[in-house]
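Numbering-wise, the sequence shown is residues 197 to 522 according to our numbering. Here a beta-carbon is modelled for each residue, glycine too, at the ideal position from N, C-alpha and C.
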Amino acid sequence: MTTRIADVIVPEVFNPYTVKRTNELSALYQSGIVQPVAELESKLNEGNRYFNMPFWNDLTGEDESLEDTEGWALTPDKITSGQDMATQLFRGKAWSTTDLSKTMSGDDPMAAIGNLVAGYWNRRMQAALIATLKGAFTAIAETHINNIATEDGANATDTNIISGAAIVDTMSKLGDAHEVLTGIVMHSIVYFNMVKQGLVEDVRDETGRVLYKAYLGKRIIIDDGVPVEAGTTSGKKYTTYLFGNGAIGYGEGSPEVPTETDRDTLAGEDILINRKHFVLHPRGIKFTNNTVAKVAPTNAELALAANWEKVYEDKDIRMVAMVTNG
Numbered sequence: 197m198t199t200r201i202a203d204v205i206v207p208e209v210f211n212p213y214t215v216k217r218t219n220e221l222s223a224l225y226q227s228g229i230v231q232p233v234a235e236l237e238s239k240l241n242e243g244n245r246y247f248n249m250p251f252w253n254d255l256t257g258e259d260e261s262l263e264d265t266e267g268w269a270l271t272p273d274k275i276t277s278g279q280d281m282a283t284q285l286f287r288g289k290a291w292s293t294t295d296l297s298k299t300m301s302g303d304d305p306m307a308a309i310g311n312l313v314a315g316y317w318n319r320r321m322q323a324a325l326i327a328t329l330k331g332a333f334t335a336i337a338e339t340h341i342n343n344i345a346t347e348d349g350a351n352a353t354d355t356n357i358i359s360g361a362a363i364v365d366t367m368s369k370l371g372d373a374h375e376v377l378t379g380i381v382m383h384s385i386v387y388f389n390m391v392k393q394g395l396v397e398d399v400r401d402e403t404g405r406v407l408y409k410a411y412l413g414k415r416i417i418i419d420d421g422v423p424v425e426a427g428t429t430s431g432k433k434y435t436t437y438l439f440g441n442g443a444i445g446y447g448e449g450s451p452e453v454p455t456e457t458d459r460d461t462l463a464g465e466d467i468l469i470n471r472k473h474f475v476l477h478p479r480g481i482k483f484t485n486n487t488v489a490k491v492a493p494t495n496a497e498l499a500l501a502a503n504w505e506k507v508y509e510d511k512d513i514r515m516v517a518m519v520t521n522g
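What follows is the structure, encoded as structure tokens:
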């Protein structure tokens, strides 16, 4: 008897399994760079597209010298607040049985499909995050980007490519707050240049098994989806990101129908439909919604400078970037 998608997909089991596996597969999530935000979780399912996230600004002002004179008193200052704002992304994808037929021969078809779907969403969520970072960093370019690339990338020298000194210079953008940085996301070209320089170290567990690669204890995540731009004259320019824990706020929404199966009997096709609502937000850089054509932003709209505005103090934004020729 032929196994149908509807025979192995139980939405009540499949939906949480896929969310869990997506998070397990995400190096960004496992590194702590992406962390759930409690105030988002409670609002995602209330029909909201955008979420205000108020915050208190740090205390400012000079202290006062105490006096012992009649009528003297301290002058109270006020604590001020600001408003960060995130956007919810509404995404979906459908597959036919011809794409999934190979997985149907396994011992656990639902797990096989679930792993493939989770892997797919992990890649798509990272693509959405890279687009978000491209746009968000335009709002903090002057203070949080170290650009050492040349527009003539084909003739780049050691001063234009990744190095230990370049990473340290980038970390220094946060001044005395640099220790919050715990992870580095880079293109494989940049990573292998670090390997050639002997900068990459192995982080192992107590049995000696390699857990991940690192530099200065900061976890390295390789993603060829990071921005790569052509130099004006020649060559390419690569963006590398450094993050602190919780730099990216995460929330998982609940579509009305997250998973459906269907069958086109005339065509003999089984269909799996999967929908995902989620938030991936760089904390302290407000999504302004200035240029969004439809219900929710596309990746192209996330990458637009017009949709982002800095609202945190510089040292409170837990991410910096560098641009190199490799």
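Cβ-heavy atom distance between Met367 and the ligand SAM below 6 Å?
In the structure on display, the ligand SAM does not appear, and there are no ligands present to speak of.
According to DSSP, is Tyr225 helix, strand or coil?
Tyr225 falls in the helix class under three-state DSSP.
Does the region 327–346 come within contact of the region 503–515, defined as at least 3 CB pairs closer than 8 Å?
Touching, yes, given that three or more Cβ pairs across the two stretches are closer than 8 Å.
Less than 7 Å between the beta carbons of Val396 and Lys409, yes or no?
For Val396 and Lys409, yes; Cβs fall inside 7 Å.
Output needed for Leu219: all residues of its chain with C-beta closer than 7 Å, excluding positions within five of it in sequence on either side, in chain order.
The sequence shown places Asn at residue 219, rather than the Leu named in the question. The residues are Tyr225.
Quick check on this structure: which residue in Met515, Val391, Arg217, Asn351 has the alpha carbon closest to the alpha carbon of Thr429?
With distances taken between Cα atoms, Thr429 lies closest to Asn351.
Keeping to the same chain, check which residues put their C-beta closer than 7 Å to that of Asp512; ignore five residues upstream and five downstream.
Closer than 7 Å at the Cβ level, and outside the excluded window around Asp512, lie Gly480.
Return yes when the Cβ of Asp365 is within less than 7 Å of the Cβ of Asn342, no when it is not.
Contact: yes.
So, is Val206 buried or exposed, given that buried needs 16 or more other C-beta atoms within 10 angstroms?
By the 10 Å Cβ count, Val206 comes out exposed.
Which runs of the alpha helix (DSSP H) fall wholly inside the region 317–368 and span at least 4 residues, in chain order?
List check, alpha helix (DSSP H) in window: 337–340, 360–367.
Kindly indicate the opening and closing residues of the alpha helix (DSSP H) around Val453.
Where Val453 is concerned, there is no enclosing alpha helix (DSSP H), given that its DSSP letter is neither H nor E.
Rank Gly421, Val381, Glu375 by C-alpha distance to the C-alpha of Ala323 and give the top, closest one.
Looking at the Cα atoms, Gly421 is the closest of the given residues.
Could you give the first and the last residue of the continuous alpha helix (DSSP H) run that contains Ala496?
It spans 495–498 - the alpha helix (DSSP H) in which Ala496 sits, taken as one unbroken run.
Is Arg514 buried or exposed, if buried means 16 or more other CB atoms sit within 10 Å of its CB?
Buried is the call here.
Under 7 Å, do Asn441 and Thr455 count as touching if we go by C-beta distance?
No, Cβ-Cβ distance for Asn441 and Thr455 is not below 7 Å.
Say whether the region 346–361 touches the region 380–395, bearing in mind that this needs 3 or more beta-carbon pairs closer than 8 Å, one atom from each stretch.
Contact holds: three or more Cβ-Cβ distances are below 8 Å.
Around the Cβ of Leu407, are there at least 16 other Cβ atoms within 10 angstroms (buried) or fewer (exposed)?
Burial call: exposed.
Note down the Cα distance separating Ala202 from Arg287, rounded to an integer number of angstroms.
In a straight line, the C-alpha of Ala202 is about 22 Å away from that of Arg287.
Quickly, what does DSSP pair Ile166 with across the bridge? List them, please.
Here the chain has residues from 197 to 522 only, and residue 166 is not among them.
Assuming Val488 contacts Glu497 under a Cβ cut-off of 8 Å, what Cβ separation, rounded to an integer in Å, is found between them?
With 8 Å as the limit, Val488 and Glu497 qualify as a contact, their Cβ atoms being about 5 Å apart.
Pull up the distance between the alpha-carbon of Glu146 and that of Tyr508, whole angstroms please.
Residue 146 lies beyond the residue range present for the chain, which begins at 197 and ends at 522; the question has no answer from this structure.
Tell me, please, which residues DSSP counts as bridged to Pro478.
Partner(s): Ile444.
Helix, strand or coil for Arg217, going by three-state DSSP, please let me know.
In the structure shown, Arg217 sits in a helix (DSSP, three-state: H, G or I).
Just confirm the distance between the C-beta atoms of Pro478 and Ile444, as a whole number of angstroms; I'd bet it's less than 8 Å.
With a Cβ gap of about 6 Å, Pro478 and Ile444 count as contacting.
Could you give the C-beta distance for Tyr437 and Ala517, rounded to a whole number, given that I count them as a contact under 8 Å?
About 5 Å separates the two Cβ atoms, so the contact holds.
Enumerate in chain order the residues of its own chain whose CB-to-CB distance from Met367 is below 8 Å, with the five nearest sequence positions on each side excluded.
Cβ neighbours of Met367 beyond the five flanking positions: His374, Leu377, Leu438, Val516.
As a quick exercise: from Ile380, Trp268, Ala282, Asp273, pick the residue whose alpha carbon is nearest that of Tyr246.
The candidate whose alpha carbon is nearest that of Tyr246 is Ala282.
So, with DSSP's three-state summary, where would you put Lys490?
In the structure shown, Lys490 sits in coil (DSSP, three-state: anything other than H, G, I, E or B).
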